[in-house]
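Since the structure comes first, as structure tokens, the remarks are kept for the end.
2 protein chains.
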Amino acid sequence: MNIKTQVIGIAADAKKASHTLAGAPSPVKDAALRKMADELVKNTEFLLDENGKDVRYARDKGLSSALVDRLTLKAETVSGISRGLREVAALPDPVGKVTSLWKRPNGLVVGRMRIPLGVVGIIYESRPNVTADAAALCLKSGNAVILRGGSEAIHSNLAIAGILRRVLEEHGLPEAAVQIIPTTDRKAVHEMLQLEEYIDLIIPRGGEELIRAVVQTSKIPVIKHYKGVCHIYVDAGADLDMALDICMNAKVQRPGVCNAMETLLVHKDAAQAFLPLMAKRYSDAGVLLKGCAETRNILPDIEEAREEDWYAEYLDLVLAVRTVNGLDEAIRHIEKYGSLHTEAIITRDYRNAQRFLNEVNSSTVLVNASTRFSDGFELGLGAEIGISTTKLHAFGPMGVEELTTTKFIVYGDGQVRT
Amino acid sequence: MNIKTQVIGIAADAKKASHTLAGAPSPVKDAALRKMADELVKNTEFLLDENGKDVRYARDKGLSSALVDRLTLKAETVSGISRGLREVAALPDPVGKVTSLWKRPNGLVVGRMRIPLGVVGIIYESRPNVTADAAALCLKSGNAVILRGGSEAIHSNLAIAGILRRVLEEHGLPEAAVQIIPTTDRKAVHEMLQLEEYIDLIIPRGGEELIRAVVQTSKIPVIKHYKGVCHIYVDAGADLDMALDICMNAKVQRPGVCNAMETLLVHKDAAQAFLPLMAKRYSDAGVLLKGCAETRNILPDIEEAREEDWYAEYLDLVLAVRTVNGLDEAIRHIEKYGSLHTEAIITRDYRNAQRFLNEVNSSTVLVNASTRFSDGFELGLGAEIGISTTKLHAFGPMGVEELTTTKFIVYGDGQVRT
């Protein structure tokens with residue numbers, strides 16, 4: 002069987018499974034999720050064995066130690082995955098929720114009800130934990146899922162999916178609701194991205210390059226997460242201790258993630274008092290600063306920021322710093338250089354707080370809090386399937402509700418249109 | 002200047018205008034909309050003159066009388082457009098609406114606020130009224146719009162847009178918020194569909210062929226409206242008078258539109274009593290019926306329905322009729338042959354009504370009401386920019402809210418992530 006036929010078969014089975022899954026009762030889905038959590042832990046030894054094959058292959062291939070790290074499963078990774086599945090089981094079921102209901106003058110009662118999207122395709126790198134996480138979120142939201150992980154993780158992914166599928170079957174749910182593309186041939190991805198009649202949404206999880214390649218090829222709608230060039234603006238008169246703590250947290254707590262701060266904007270009236278204290282704390286934490294001319298008047302020892310630094314997503318202990326004349330200049334800077342991801346203002350000024358919240362149209366906008374809160378769990382969505390930096394369908398962190406859409410439901414009593 | 006440069010210039014201007022427009026106060030937008038309504042009527046003579054050029058050209062080109070009809074503006078068309086603009090002005094502003102707000106255990110208050118999408122591209126056939134309607138809905142929702150109408154309507158479209166742009170300027174709003182692609186060269190559409198960094202959404206309004214061509218080319222997300230193969234299922238024990246009235250309305254009141262019924266499904270226990278009465282009413286209205294074998298046992302004079310009839314969107318006084326064994330078979334038929342547009346059940350049975358509403362995942366599902374209510378105005382959205390038959394971003398009729406997305410807003414008090 003050639004790859005195209007194989008992928009079409011998988012997608013057609015997924016579509017069929019999605020019809021059954023759309024009507025699956027919440028208790029059945031949740032029981033299956035809890036059983037999956039049990040079975041993964043019970044089969045830890047088997048999972049670590051299968052994962053071992055992938056890890057050996059990856060080492061032989063000379064993959065970087067960071068990539069091998071992400072690929073490696075340990076007993077505690079498996080129990081972490083298992084806890085995650087229990088958390089998803091405990092979330093409210095988004096499917097069937099009527100989000101609003103209103104009455105028309107002719108007596109029709111009209112509402113919107115959440116329904117699954119149908120079939121979701123996930124394309125990701127060699128991180129086996131994503132296999133279980135993504136499958137769980139799709140099952141919870143009534144969607145069938147087709148998983149295409151990095152080729153280095155193929156044994157791990159097939160092992161995890163095998164366990165999940167067995168549990169689905171035991172609970173009377175279609176096995177085809179969770180499928181792995183079982184080949185490492187890259188052509189399979191290309192074929193998958195053509196199948197708009199079977200697959201409703203593609204979510205790529207990985208670097209900007211992966212996402213651009215998927216968008217370029219796909220006929221299916223894609224949720225895009227290009228990058229996070231996140232800003233914090235420290236206003237004149239801000240509480241300096243608060244500003245120091247938040248800016249420290251946003252840059253240093255986990256610099257390699259998309260919601261870490263990449264550019265710090267400081268009001269010129271706050272710069273003299275704030276920047277030397279901040280620079281000291283950053284210096285102690287090993288953060289390299291790059292500043293504009295005015296910033297370097299105050300911090301003469303730091304590097305000069307170039308135009309490209311304002312666009313940079315360092316994902317590292319590096320920070321661009323710019324002194325600005327005020328809120329308007331800060332907003333214009335974010336509009337020009339930002340990535341629509343996450344921005345925060347530190348201020349005591351009521352009007353500036355409101356203006357920032359209203360005028361900055363990034364996916365998450367915060368007052369007096371760290372950019373690191375831009376995350377599905379932290380914002381209270383209960384889980385996160387991804388983050389969107391484009392505005393169609395979802396914008397910002399996506400939870401299980403974002404894996405649904407709404408249909409109109411109409412209760413009539415014989416109404417006809419005149 | 003070549004076409005590519007010209008289209009990029011238009012799109013870049015639109016993006017810039019969209020930033021201003023996103024913050025435009027509701028009263029300013031509404032005042033502009035009302036003034037546009039006035040100015041269009043005041044300039045009726047000019048509009049009819051410009052439209053006359055298009056109509057003469059279309060006639061010379063030998064366009065069908067139906068197409069020339071749609072292209073032709075009359076004084077009452079202009080006053081109809083004007084009324085439409087006033088209705089849009091009277092709608093609530095979706096921008097800035099906080100759709101929900103919740104508190105996290107760490108004290109963060111998190112909410113979702115509606116914001117405009119940015120720049121919307123509308124691609125449509127030679128119907129000058131769409132120019133004003135679409136521009137008004139985009140202005141109301143804070144989006145800049147790029148309009149590309151059928152080449153036969155170019156004088157009419159430029160005339161209408163010229164008036165709208167003058168009013169924008171008078172109200173301190175950016176003229177570039179409403180732009181027409183000023184060339185009839187088809188290459189311009191191709192260039193426009195590549196500009197994902199400037200244009201956030203493409204809405205094609207027209208036949209399935211136009212939409213498929215746009216989807217094929219576009220790098221920008223597209224709202225798709227492929228077709229409406231709408232079903233009504235008449236259940237056993239349904240109120241026959243109600244069923245007769247609704248089925249008559251759904252097929253006959255306006256057969257050429259997407260929410261007209263194309264296939265009638267009848268429970269076998271209702272068929273004997275219902276079908277002869279229904280056939281009589283349809284016959285009086287000139288409706289041609291095509292039936293399955295069981296239907297033709299009751300109505301021997303009607304044509305035989307072939308497999309392709311169950312997929313057909315006739316858009317005409319033609320109807321496919323199938324007798325089914327019950328609700329399950331009706332749902333399976335809709336799943337197989339439907340287009341996810343609009344389906345209705347006529348029933349007195351509580352459980353069947355609930356099952357139909359829950360299990361049929363088309364964009365609009367009705368109990369005891371005509372499929373013709375699947376329309377933005379009729380469902381209470383206030384207006385309609387289009388109908389989506391795919392599930393991403395919007396599903397079903399789209400009003401001004403569907404021209405927005407939501408961002409997360411977060412009110413903090415110094416919170417950092419641990």
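First to last, the protein sequences are chains A and B. So in the numbering used here the end of the first sequence lands on 419, straight run, no missing numbers. So in the numbering used here the end of the second sequence lands on 419, straight run, no missing numbers. We put the CB at the ideal spot given by N, CA and C, even for glycine.
In this chain, residue 258 of chain B is not harboured by any alpha helix (DSSP H), its DSSP state being neither H nor E. Residues of chain B whose Cβ lies closer than 7 Å to the Cβ of residue 152 of chain A do not exist; the shortest such Cβ separation is about 27 Å. For residue 132 of chain A, the secondary structure class from DSSP, reduced to helix, strand or coil, is helix.
Residue-level contact by beta carbon holds for residue 415 of chain A and chain B, with a gap shorter than 7 Å. Residue pairing from DSSP leaves residue 394 of chain B without any beta-bridge partner.
Residues of chain A whose Cβ lies closer than 9 Å to the Cβ of residue 141 of chain B do not exist; the shortest such Cβ separation is about 17 Å. Within chain B, the residues whose beta carbon sits less than 7 Å from that of residue 381 of chain A are 103, 105 and 111, listed in sequence order. A Cβ of chain B is located within less than 7 Å of the beta carbon of residue 412 of chain A.
Separation of the CB atoms of residue 177 of chain B and residue 145 of chain B is rounded to 7 Å, and the pair is thereby assigned contact status at 8 Å. Setting aside the 5 residues that flank it on each side, residue 353 of chain A is surrounded in the same chain by 236, 328 and 346, each with a C-beta closer than 8 Å to its C-beta; the list follows chain order. Among the residues of chain B, those whose CB is under 9 Å from the CB of residue 373 of chain A are 417 and 418, following chain order. Among the residues of chain B, those whose CB is under 8 Å from the CB of residue 393 of chain A are 118, 201, 202, 222, 393, 394 and 406, following chain order.
Judged by DSSP in its simplified three-state form, residue 35 of chain B adopts helix.
For the pair residue 231 of chain A and residue 209 of chain A, the CB atoms are not nearer than the 7 Å cut-off. The beta carbons of residue 233 of chain B and residue 251 of chain B sit about 6 Å from each other, so the pair counts as a contact at 8 Å. Residue environment: residue 301 of chain A is assigned as exposed (fewer than 16 neighbouring CB atoms within 10 Å of its CB, all protein chains considered). Residue 158 of chain A counts as buried, since no fewer than 16 other beta carbons sit within 10 angstroms of its beta carbon. Residue 401 of chain B sits in a helix when the DSSP states are folded into three classes. Nearest CB-CB separation between residue 370 of chain A and chain B: below the 7 Å threshold. For residue 67 of chain A, the enclosing alpha helix (DSSP H) has its first and last residue at 66-72. Residue 242 of chain A sits in a helix when the DSSP states are folded into three classes.
Residues of chain B whose Cβ lies closer than 7 Å to the Cβ of residue 364 of chain A are, in chain order, 408 and 409. With a threshold of 7 Å between beta carbons, residue 24 of chain B makes contact with chain A. Taking CB atoms only, residue 246 of chain A has a neighbour in chain B less than 7 Å away.
CA-CA distance, residue 211 of chain A to residue 219 of chain B, rounds to 19 Å. Taking the CA atoms as reference points, residue 384 of chain A sits about 11 Å from residue 141 of chain A.
In the three-state reduction of the DSSP assignment, residue 231 of chain A falls in the strand class, which pools E and B. Residues of the segment 5-32 of chain B whose Cβ lies closer than 7 Å to any Cβ of chain A, in chain order: 20, 23 and 24. For residue 117 of chain B, the uninterrupted beta strand (DSSP E) run begins and ends at 110-117, by DSSP. Between residue 305 of chain B and residue 324 of chain B, the C-beta gap is not smaller than 7 Å, which leaves the two residues out of contact.
A Cβ-Cβ separation of about 6 Å places residue 272 of chain A in contact with residue 299 of chain A under the 8 Å criterion. For the pair of segments examined, the segment 253-262 of chain A was found to touch the segment 373-382 of chain A: the number of CB pairs separated by less than 8 Å reaches three.
A residue is called buried once 16 or more other Cβ atoms fall within 10 Å of its Cβ, and residue 351 of chain A, having fewer, is exposed. For the segment 85-98 of chain B, the beta-carbon criterion of a distance under 8 Å to any beta-carbon of chain A is satisfied by 97. Between residue 344 of chain A and residue 363 of chain A, the CB-CB gap stays under 7 Å.
Taking C-beta atoms under 8 Å as the contact rule, residue 408 of chain A and residue 116 of chain A qualify, at a distance of about 5 Å.
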